[in-house]
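Enquirer: Chains as they are written, first to last, in the working numbering: chain A, 24 to 280; chain B, 24 to 280.
Pasting a structure here, questions to come.
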DNA sequence: AAAAAATTTGCACATAATGAGAAAAGGTAA
DNA sequence: TTACCTTTTCTCATTATGTGCAAATTTTTT
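In structure tokens form, the structure reads like this:
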């Protein structure tokens, strides 16, 4: 570990739960001298990635917000999905949240959210928050369309955590569940991420690969009422298909990872 | 220019207006061999800062969103200001936007926004967007409290751009204006950033240094109406003071830069 | 004003990044 | 399938570059 990674390793320190780091602590963490740590910190500050904090130390800096803005405004998936997500709320209920997620490492990362205007409890998902890959409609709908290769291994690695929430989970039953999701083109879950909340998710494709999912998140009671009034499932499926179609039609350059 | 800066230089490429870069183009831009460019790109992808794009090349990656989330959730100024900004909308009008900005290099960067729920034209400001340092209430209220040292030089460097919007601007008149803002503790501008829009800003301090400003942004007609109904200026000033006070009382570790 | 802490700089040295080209992987078309 | 692209990784010898140390400087605290 050397080379570019030094800068990146420093940045990663700030994803842990310590907000402010002294140059000395950074040096210790990377096992380099304090003067070297200062050299790096200086460059990171000049780039706006880090920001000196008054008492002592450094925190994440303002350039991060600029990068995030760029990402937000140029990502073809977000751009394509945004109006459709807004529309989804307007056509259903102002007490729901719609989230757009993608896979990232062994997690599902929320990359955009649209919130209904009426008061309702906040979602656990928010832009930039990673969630486990095996719990919740959002995750399962993505898993269901991932290449089967390596899935079981991943499942078994995470089985302990999954059992905490779904006591009767086995690989067999999980696999069957995924097949059903694949067939139906949506996934509905209750109380898997947060107690009393319902998730309803559908997949988004690019070039036949799954690249994201959109999900409605709402209270169980809201869902019951909504489902009686409207064909919610069809609406969500239609929205996700509309996004996939538009990505294809515009020939969007979508990240793969 | 070498060292850490390579990684940072690559990242900066993505702040320009090209969203997707090939490894080869990156190599050319930094004047290094293609293989070196690939080495860096690989590390950046592993860190999630960059993301391979299907056709050809690399774009900003998902980790950016995680960093931004961290920043949003841990920045003491944002955390302190957020509820007060929401409250400000609720107590005034749902057709206004409230923005929180700080200085960043020779610009003013929006670091948080709260938008009224009722429909109204969008603000030019959004989280992560940098605005010129000499136009608009937001900027002027920050300028007015910056150490005088070097201000005139900065002003003269930017005079051309300022004149485009404010035809009668001179350093003398500008300086006088800043003195008035300092005395009054707020700044009100009309049509300086966007035609027909009013900005009303007040300063936020930490340890007697200006660290940010909050501003109301709204249509001129909304302001007229609002100002008749309520002491808006006093309300904004009180809000900004409340934020400064709370920062002091909690001993928040605020970035200085 | 003195003392302590934080940050920057100069220098000699060896580590660690570099370029060039070969090899491998991935994708496309015949 | 095969061949032929392009993209990406790897190997290796070379030396440019980042490194630690100690001293210097600046900033903060007492």
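Here a beta-carbon is modelled for each residue, glycine too, at the ideal position from N, C-alpha and C.
Between residue 255 of chain A and chain B, is any beta-carbon pair separated by less than 8 angstroms?
Expert: no
Enquirer: By the 10 Å Cβ neighbour count, where 16 or more other Cβ atoms means buried, how is residue 163 of chain A classified, buried or exposed?
Expert: buried
Enquirer: Any contact between the region 117 to 126 of chain A and the region 226 to 243 of chain A? By contact I mean 3 or more CB pairs, one from each, below 8 angstroms.
Expert: Touching, yes, given that three or more Cβ pairs across the two stretches are closer than 8 angstroms.
Enquirer: Which partner residues of residue 124 of chain A appear in the DSSP bridge assignment?
Expert: A:133, A:236
Enquirer: With 16 other CB atoms within 10 Å as the buried threshold, where does residue 114 of chain A fall?
Expert: exposed
Enquirer: So, residue 92 of chain A versus residue 152 of chain B, is the Cβ gap smaller than 8 angstroms?
Expert: yes
Enquirer: Go ahead and label residue 125 of chain A buried or exposed: buried means 16 or more other beta carbons lie within 10 angstroms of its beta carbon, across all protein chains shown.
Expert: It is buried - the Cβ of residue 125 of chain A has at least 16 other Cβ atoms within 10 Å.
Enquirer: Hey, how far is the Cα of residue 61 of chain A from the Cα of residue 71 of chain A?
Expert: 15 angstroms
Enquirer: Of the residues A:39, A:194, A:246, A:28, which one's Cα is nearest the Cα of residue 112 of chain A?
Expert: A:246
Enquirer: Taking only the alpha-carbon atoms, compute the straight-line gap between residue 32 of chain A and residue 42 of chain A and give it to the nearest angstrom.
Expert: 15 angstroms
Enquirer: Quick check for students: name the residue ranges of the alpha helix (DSSP H) that lie wholly in the region 146 to 188 of chain A, counting only runs of 4 or more.
Expert: With a minimum length of 4 residues, the continuous alpha helix (DSSP H) runs that stay inside the region 146 to 188 of chain A are 160 to 166, 174 to 188.
Enquirer: Of the residues that make up the region 79 to 96 of chain B, which ones have a beta carbon closer than 7 angstroms to any beta carbon in chain A?
Expert: 82, 83, 85, 87, 88, 89, 90, 91, 92, 93, 94
Enquirer: Determine the closest residue to residue 262 of chain B out of B:178, B:109, B:51, with distance taken between C-alpha atoms.
Expert: B:109
Enquirer: Output, in chain order, the set of chain B residues within a Cβ distance shorter than 7 angstroms of residue 151 of chain A.
Expert: 88, 89, 91, 92
Enquirer: Can you find at least 3 beta carbon pairs, one from the region 183 to 197 of chain B and one from the region 153 to 173 of chain B, that sit closer than 8 angstroms?
Expert: Judged by pairs of C-beta atoms under 8 angstroms, the region 183 to 197 of chain B touches the region 153 to 173 of chain B, as three or more such pairs exist.
Enquirer: Can you name the residues of chain A whose CB is closer than 7 angstroms to the CB of residue 42 of chain B?
Expert: 97
Enquirer: Answer yes if the region 93 to 106 of chain A comes into contact with the region 127 to 140 of chain A, meaning at least three C-beta pairs across the two stretches below 8 angstroms, and no otherwise.
Expert: yes
Enquirer: Given that residue 77 of chain A touches chain B, what residues does it touch there, using C-beta distances under 8 angstroms?
Expert: 229, 230, 276, 277, 278, 279
Enquirer: 8 angstroms is my cut-off, CB to CB: does residue 54 of chain B come that close to chain A?
Expert: no
Enquirer: Going by alpha carbons, who is nearest to residue 34 of chain B out of A:176, A:47, A:89, A:65?
Expert: A:89
Enquirer: With DSSP as the reference, identify every bridge partner of residue 213 of chain B, one or two as the case may be.
Expert: B:221
Enquirer: Using the Cα positions of residue 270 of chain B and residue 103 of chain B, report the straight-line distance between them to the nearest angstrom.
Expert: 7 angstroms
Enquirer: Given a threshold of 16 other Cβ atoms within 10 Å of its Cβ, counted over all protein chains shown, does residue 173 of chain A qualify as buried or as exposed?
Expert: exposed
Enquirer: Give me whichever residues DSSP pairs with residue 37 of chain A in a beta bridge.
Expert: Note: residue 37 of chain A sits in no beta bridge, so no partner.
Enquirer: Which residue from B:254, B:222, B:81 puts its Cα closest to that of residue 50 of chain B?
Expert: Of the listed residues, the one whose Cα sits closest to residue 50 of chain B is B:81.
Enquirer: Could you tell me whether any Cβ in chain B is nearer than 8 angstroms to the Cβ of residue 30 of chain A?
Expert: Taking Cβ atoms only, chain B reaches closer than 8 angstroms to residue 30 of chain A, which makes this a yes.
Enquirer: Cα-Cα, which of A:229, A:56, A:107, A:221 is closest to residue 78 of chain B?
Expert: A:229
Enquirer: Could you work out which residue in A:66, A:220, A:46 is closest to residue 57 of chain A when comparing CA atoms only?
Expert: A:46
Enquirer: Are residue 28 of chain B and residue 187 of chain A close, meaning C-beta to C-beta below 8 angstroms?
Expert: no
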